[in-house]
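Just so we're aligned: 231 in the numbering used here is position 206 of the sequence shown, and the numbers increase by one with no gaps anywhere.
The C-beta atom is built at its ideal place from N, Cα and C for all residues, glycine as well.
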Amino acid sequence: MDIHEQLIRPTIEKFNAEFKAEPEHLFLSPGRINIIGEHVDYSDGFVLPAAIDKYICFAVRKLPRTNFCTIIAKDLGEEYTFDVTVEIKPVQQMWMNYILGVFSQLQKPGNKFCGMEIVFSSTIPMGSGLSSSAALECGFAYILNNLFDLQLTKKEIAVIGQKSEHTFAGVQCGIMDQFASVFGKEDKVIMLDCNSLEHQYFDADLKGYSLLLFDSCVKHSHLTSGYNERRKDVEHGKKVLWKNFPETQKFRDFTLPMLDRVKDEMGDISYKRCLYLLKEIQRVEMAAKAISAGDIEYLGTLLTETHAGLSTEFEVSCNELDFLVENTLQQEGVLGARIMGGGFGGCSINLIQEDKAEEVIKAISEKYLEHFNIRMKIYQVKISDGIKEYTNEYII
Ligand code: ADP
Ligand code: MG
26 MDIHEQLIRP
36 TIEKFNAEFK
46 AEPEHLFLSP
56 GRINIIGEHV
66 DYSDGFVLPA
76 AIDKYICFAV
86 RKLPRTNFCT
96 IIAKDLGEEY
106 TFDVTVEIKP
116 VQQMWMNYIL
126 GVFSQLQKPG
136 NKFCGMEIVF
146 SSTIPMGSGL
156 SSSAALECGF
166 AYILNNLFDL
176 QLTKKEIAVI
186 GQKSEHTFAG
196 VQCGIMDQFA
206 SVFGKEDKVI
216 MLDCNSLEHQ
226 YFDADLKGYS
236 LLLFDSCVKH
246 SHLTSGYNER
256 RKDVEHGKKV
266 LWKNFPETQK
276 FRDFTLPMLD
286 RVKDEMGDIS
296 YKRCLYLLKE
306 IQRVEMAAKA
316 ISAGDIEYLG
326 TLLTETHAGL
336 STEFEVSCNE
346 LDFLVENTLQ
356 QEGVLGARIM
366 GGGFGGCSIN
376 LIQEDKAEEV
386 IKAISEKYLE
396 HFNIRMKIYQ
406 VKISDGIKEY
416 TNEYII
């Protein structure tokens, strides 16, 4: 089904039904994949994400004569209204916190807001590691920037999205998800330096291979999973490294022999976490080179190495994802597979020969169902543009 039938039309219809009016604007805010570079976005690393053709669609109308903003989350069947002139605090409805966290940062002298009516709905599965949360917060920041002429740069929009997640949603995420959602480009992967936010685009020519996502349907919430705990383990490791090697500029400048020298002081857990991170940072650089050189086979090897690291060193996999990856790798035509996203569930990302994809999907779906009694979902994604206003005719 195309995006119009599946997402845009139902969002407009909901807007019509709830607000008895037509939306004035439509925005599409994409989810993202990350080809490689997991958990390094808060550790001075490089990542290799891309926006995908799964979106949150926002239908929006300005209400110049009121101060009330009503937002309907169509997929959850919930709505929330707030006064744009009153100081914003976090609320019980988690989904709304991603939005309010954005608004609270922009509520400052010089920025004038009025009421709004918004309906949003999504084809990005929630909590599957495709970053629906970044699409939500950055989408809302983009809307405010566009409707109220706030003169925010794209970088500022990404950073506002990240801060909203830190402060209002309580997840200490890195910048990658937001950056990919805002800066995505069709058929390009982004190599992002999470430290400086410098980035470059690479052609995503996979030479007859495609990236397929297998959703384990194991849901995670970064709030209750070990995500924040991992961040604490890493922070401890970094503290020990810098205490011993104070002249080192960036985390990625530490070498594996340096890490080994402080292993006892750091303790086993932080050692394993840092070991994974330093190796992963190297893998991303090698992966970018492999993509540029058209060496897709080596890219696959790197993906699989990342999975092993995430599973045994960073310990953010789970039985379901380990099973999916292990079994996928045994199939013909598969170059690499790994868990994608923060971990503890969600999707695997798989590099599979295009003309073998159907067979692999069939085999793995059957095995997964038999073993866990769960029907996995499959997302075939296309690398797409970042957030934008959707300006085609609204055909109802
Ligand atoms: P991910 O970003 O990997 O999808 P997160 O746990 O970070 O997972 O974010 C998911 C949360 O984002 C949801 O629990 C919900 O609060 C919010 N969210 C995302 N998409 C929607 C949506 N379509 N409607 C309402 N809330 C959403
Ligand atoms: Mg998220």
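Spanning the alpha carbons of residue 194 and residue 287 requires a straight line of approximately 35 Å. The nearest non-hydrogen atom of the ligand ADP is less than 7 Å from the C-beta of residue 81. Sorting 293, 309, 66, 389 by C-alpha distance to the C-alpha of residue 203 places 66 at the top. The C-beta distance from residue 183 to residue 200 rounds to 6 Å, short enough to meet the 8 Å contact threshold. Boundaries of the beta strand (DSSP E) around residue 52: 50-59.
Rounded to the nearest whole angstrom, the CA to CA distance from residue 133 to residue 141 is 18 Å.
Within the chosen limit of 7 Å, the ligand ADP reaches the beta carbon of residue 120 through at least one heavy atom. Separation of residue 80 and residue 45 (C-alpha to C-alpha, rounded to the nearest whole angstrom) is 24 Å.
Of all C-beta pairs linking the stretch 34-50 to the stretch 386-396, fewer than three are shorter than 8 Å, placing the two stretches out of contact. Looking at the backbone, the Cα of residue 163 and that of residue 260 are separated by about 27 Å. Here residue 347 has 336 as same chain residues with Cβ atoms under 7 Å from its own Cβ, once five neighbours each way along the sequence are excluded. Your pair residue 59 and residue 73 checks out as a contact, with CB atoms roughly 7 Å apart and the cut at 8 Å. Beyond the five residues adjoining it in sequence on each side, residue 148 comes within less than 7 Å, by CB distance, of 31, 32, 79, 80 in the same chain, given in chain order. Under the DSSP assignment, residue 214 falls in the beta strand (DSSP E) whose first and last residues are 213-218. Looking at the DSSP output, residue 238 sits in a beta bridge with 374, 404.
The beta-bridge partner set that DSSP reports for residue 106 consists of 95. With respect to residue 214, residue 229 sits close: the two C-beta atoms are nearer than 8 Å. Taking C-beta separations shorter than 8 Å and ignoring five residues to either side along the sequence, the partners of residue 280 in its chain run 303, following chain order. At a cut-off of 7 Å, the beta-carbon of residue 199 does not count as near the ligand ADP: no heavy atom of the ligand is closer than that. CA-CA distance, residue 305 to residue 254, rounds to 19 Å. Here the stretch 281-301 does not lie against the stretch 314-329, with fewer than 3 beta-carbon pairs under 8 Å apart.
Residue 154 is a Cβ neighbour of residue 365, given a cutoff of 8 Å. Restricted to the stretch 294-362, the alpha helix (DSSP H) segments that are unbroken, complete and at least 4 residues in length are 321-337, 344-354, listed in chain order. Counting along the chain, the unbroken alpha helix (DSSP H) around residue 203 starts and ends at 201-208. Residue 27 places its beta carbon 8 Å or farther from that of residue 211. Residue range 34-44 is occupied by the alpha helix (DSSP H) that includes residue 35. DSSP places residue 365 outside both helix and strand once states are collapsed to three, so it counts as coil.
Bounds of the beta strand (DSSP E) holding residue 147 are 140-147. The beta carbon of residue 104 is closer than 6 Å to those of 97 in its chain, skipping five residues each way along the sequence. Between residue 51 and residue 82, the C-beta gap is smaller than 8 Å, which places the two residues in contact. For residue 76, the closest alpha carbon among the candidates 325, 156, 139 is that of 156. Contact annotation, residue 377 with residue 234: C-beta distance approximately 6 Å; criterion of less than 8 Å satisfied.
Look at residue 79 here: in three-state DSSP terms it is strand. Straight across, the Cα-Cα distance linking residue 209 with residue 399 is about 32 Å. Ranked by how close their Cα comes to the Cα of residue 309, the residues 351, 219, 237 have 219 in first place.
Counting along the chain, residue 123 sits inside the alpha helix (DSSP H) bounded by residues 119-131.
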